[in-house]
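S.K.: Residue numbers (the working numbering), protein chains in the order written: chain A, 1 to 171; chain H, 172 to 273. By construction, the Cβ of each residue, glycine as well, lies at the ideal position given by its N, Cα and C atoms.
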Amino acid sequence: MNFETILFFLIALSAIGSALMMITRPNPVKGVLFLIVNFFCLAVLYLMLQAQFIAVIQILVYAGAIMVLFLFVIMLLNLEDEKMLQERNNMKRYVAFAFAGGVLVEIISGIVLSTTGGGARISPEMARLGTVESIGSALFRDFLVPFEVTSLLLLAALVGVIVLAKKKFQS
Amino acid sequence: MTEIPLHYYLLLSAILFSIGVAGVLLRRNAIIVFMSIELMLNSVNLTLVAFSAFMGNSTGQVLVFFVMAVAAAEAAVGLAIVIALFRNKQTVNIDEMNILKW
Chain A
1 MNFETILFFL
11 IALSAIGSAL
21 MMITRPNPVK
31 GVLFLIVNFF
41 CLAVLYLMLQ
51 AQFIAVIQIL
61 VYAGAIMVLF
71 LFVIMLLNLE
81 DEKMLQERNN
91 MKRYVAFAFA
101 GGVLVEIISG
111 IVLSTTGGGA
121 RISPEMARLG
131 TVESIGSALF
141 RDFLVPFEVT
151 SLLLLAALVG
161 VIVLAKKKFQ
171 S
Chain H
172 MTEIPLHYYL
182 LLSAILFSIG
192 VAGVLLRRNA
202 IIVFMSIELM
212 LNSVNLTLVA
222 FSAFMGNSTG
232 QVLVFFVMAV
242 AAAEAAVGLA
252 IVIALFRNKQ
262 TVNIDEMNIL
272 KW
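#1: Any chance the segment 250–270 of chain H sits against the segment 66–74 of chain A, with 3 or more Cβ pairs inside 8 Å?
#2: In terms of residues, what are the limits of the alpha helix (DSSP H) holding A:I135?
#3: Quick one, are the C-beta atoms of H:A242 and A:I66 less than 8 Å apart?
#4: Give the interface partners of A:G160 over in chain H, defined as CB-CB distance under 8 Å, in chain order.
#5: With DSSP collapsed to three states, give me the class of A:N38.
#6: Is there contact here, the segment 184–200 of chain H with the segment 150–167 of chain A, by at least three beta-carbon pairs under 8 Å?
#7: For H:L196, does the count of other Cβ atoms within 10 angstroms reach 16, so buried, or fall short, so exposed?
#8: Between A:A165 and the ligand FAD, is the CB less than 7 Å from at least one heavy atom?
#9: Is it true that the segment 216–234 of chain H meets the segment 123–133 of chain A, where meeting means three or more beta-carbon pairs spaced less than 8 Å apart?
#10: Report yes if the CB atom of A:Y62 is closer than 8 Å to the CB atom of H:M239, and no otherwise.
#11: In the DSSP assignment, what are the bridge partners of A:N90?
#12: For H:L181, count the other beta carbons within 10 Å of its own beta carbon; 16 or more makes it buried, fewer makes it exposed. Which is it?
#13: Can you tell which of A:F39, A:R25, A:I54 has its C-alpha closest to the C-alpha of A:A12?
#14: I need the DSSP call for A:N27, collapsed to helix, strand or coil.
#15: Answer yes or no: do A:L35 and H:M206 have a C-beta to C-beta separation smaller than 8 Å?
#16: Thinking just about the alpha-carbon of each residue, which of A:M22, A:I16, A:Q50 is nearest to the one in H:N228?
#17: Taking the alpha helix (DSSP H) that H:M206 falls in, what are its first and last residues?
#18: Determine the chain H residues that contact A:G130 at a beta-carbon separation under 8 Å, and present them in chain order.
#19: Helix, strand or coil for H:N264 per DSSP?
#20: List, in order along the chain, the chain H residues whose C-beta lies closer than 7 Å to that of A:M189?
#21: So for A:V56, helix, strand or coil by DSSP?
#22: Give me, in chain order, the residues of the same chain whose beta-carbon lies closer than 6 Å to that of H:H178; leave out the 5 immediate sequence neighbours on both sides.
#23: Reducing DSSP to helix, strand and coil, say where H:I254 ends up.
#24: Could you tell me the boundaries of the alpha helix (DSSP H) in which A:E125 lies?
#25: Leaving out the 5 sequence neighbours to the left and right, which residues in its chain are closer than 6 Å to H:Q261 when beta-carbon positions are compared?
#26: State the start and end residues of the unbroken alpha helix (DSSP H) segment that holds H:I190.
#27: Taking Cβ-Cβ distances shorter than 9 Å, what residues in chain H pair up with A:I57?
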């Protein structure tokens, strides 16, 4: 057991633990905070996979921007009686667990049965490929059109959000 | 420097994805359902980055970038829908949002 393996298992356990805490807390604010912990764990895993740029935007975009949006909405809505929202009747609960377990078994059997095309270890040039320079040149050379379409998507989302969330004025 | 096998990352991603599925199916709070969807998107991102690293190809990381952009748009639109529904129904319980149900 070297340092890297111990670090991986620690991070993996805290990622799974924080995800479980996220879906079981009655209070959505606590759920958001546990999800942020989970995102930080994933950022560490990205760093272990030599994906520096992805690790940085994971923290900036997900833990920074998107989770702040969630917190804003939770505080805007001023929710109450969370206990009542949490309860589902037992039948539906078992069906939900059966579906989630089925998904897990299916994915794991797919992973175990498959033979992946990648190498047995992280390829040595990843430290160069994961940088902002490398990702940026790929984005602006090979993926320029999808990149521009993403800007259109974000513009459409911006307009749509304002139209959806603004108050309806009586005319 | 011994490496962690690719399968460990894929198994972790599968477990996180299933936790997200369980969250979507179990919870009635629409905001927590959205957070579970974000969890599932993140587990798929982990798969993409792991494959990208083990194949020595940065295309997977570019795809993760696009997934993050779509996730940001999806979260913003979804939360706007939650706000609009809360304004009409005074609740975020997804069992009460059934006006599209026939």
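M.R.: Taking the coordinates as given:
#1: Verdict: yes, contact present.
#2: Run containing A:I135: 132–141, per the alpha helix (DSSP H) assignment.
#3: Yes. Within cutoff.
#4: Ordered by position in chain H, the residues that pass the 8 Å Cβ test against A:G160 are V248, A251.
#5: DSSP places A:N38 in the helix class (H, G or I) of the three-state scheme.
#6: Short answer: they don't touch.
#7: Result: buried.
#8: You won't find the ligand FAD in this model; it holds no ligand whatsoever.
#9: Yes: the two stretches touch, three or more of their Cβ pairs being nearer than 8 Å.
#10: Yes.
#11: Answer is none; A:N90 lacks a bridge partner.
#12: Flag for H:L181 reads buried.
#13: If we check each option's Cα against that of A:A12, A:F39 comes out closest.
#14: The answer is coil: DSSP assigns A:N27 none of H, G, I, E or B.
#15: Yes, they are a contact pair.
#16: Checking every option, the nearest Cα to that of H:N228 belongs to A:Q50.
#17: Start and end: 201–226.
#18: Against chain H, a Cβ distance below 8 Å from A:G130 picks out A224, S229, Q232.
#19: In the structure shown, H:N264 sits in a strand (DSSP, three-state: E or B).
#20: Lying outside 1 to 171, the shown extent of chain A, residue 189 of chain A is not represented and no answer is given.
#21: Note: A:V56 maps to helix in three-state DSSP.
#22: Closer than 6 Å at Cβ, skipping near neighbours: no residue.
#23: DSSP places H:I254 in helix when its eight states are reduced to three.
#24: No alpha helix (DSSP H) contains A:E125, which DSSP labels as neither H nor E.
#25: Correct list: empty, nothing qualifies.
#26: Counting along the chain, the alpha helix (DSSP H) containing H:I190 begins and ends at 177–197.
#27: Taking a Cβ-Cβ cut-off of 9 Å, the neighbours of A:I57 in chain H comprise V235, F236, M239, given in sequence order.
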